[in-house]
């Protein structure tokens, strides 16, 4: 299966804010499938600062962060 969330999000981000990767902190709201793809894409696309993951439940955000950090 293909996931276009990463491509779609990063293409829009690069067009709307071309210098995003030079900045500081990036915030991602949510910890579902699209958020997983976006966080992964940000980390592999040169996010210079930190990536903050915000979700309604802390546990779900921590699960996602641990999962992605284990893949890197």
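Residue numbers (the numbering used here): 151 to 222. The C-beta atom is built at its ideal place from N, Cα and C for all residues, glycine as well.
Straight-line gap, residue i to residue j (C-alpha atoms, nearest Å)
{"i": "residue 202", "j": "residue 166", "result": "20 angstroms"}
{"i": "residue 190", "j": "residue 181", "result": "12 angstroms"}
{"i": "residue 185", "j": "residue 219", "result": "14 angstroms"}
{"i": "residue 163", "j": "residue 217", "result": "24 angstroms"}
{"i": "residue 154", "j": "residue 193", "result": "16 angstroms"}
{"i": "residue 177", "j": "residue 152", "result": "25 angstroms"}
{"i": "residue 214", "j": "residue 207", "result": "11 angstroms"}
{"i": "residue 160", "j": "residue 200", "result": "16 angstroms"}
{"i": "residue 169", "j": "residue 198", "result": "11 angstroms"}
{"i": "residue 171", "j": "residue 210", "result": "26 angstroms"}
Backbone secondary structure at residue i - three-state DSSP
{"i": "residue 202", "result": "strand"}
{"i": "residue 184", "result": "helix"}
{"i": "residue 197", "result": "coil"}
Element boundaries [alpha helix (DSSP H), containing residue i]
{"i": "residue 161", "result": "155 to 166"}
Paired residues, beta bridge with residue i - DSSP
{"i": "residue 177", "result": "202"}
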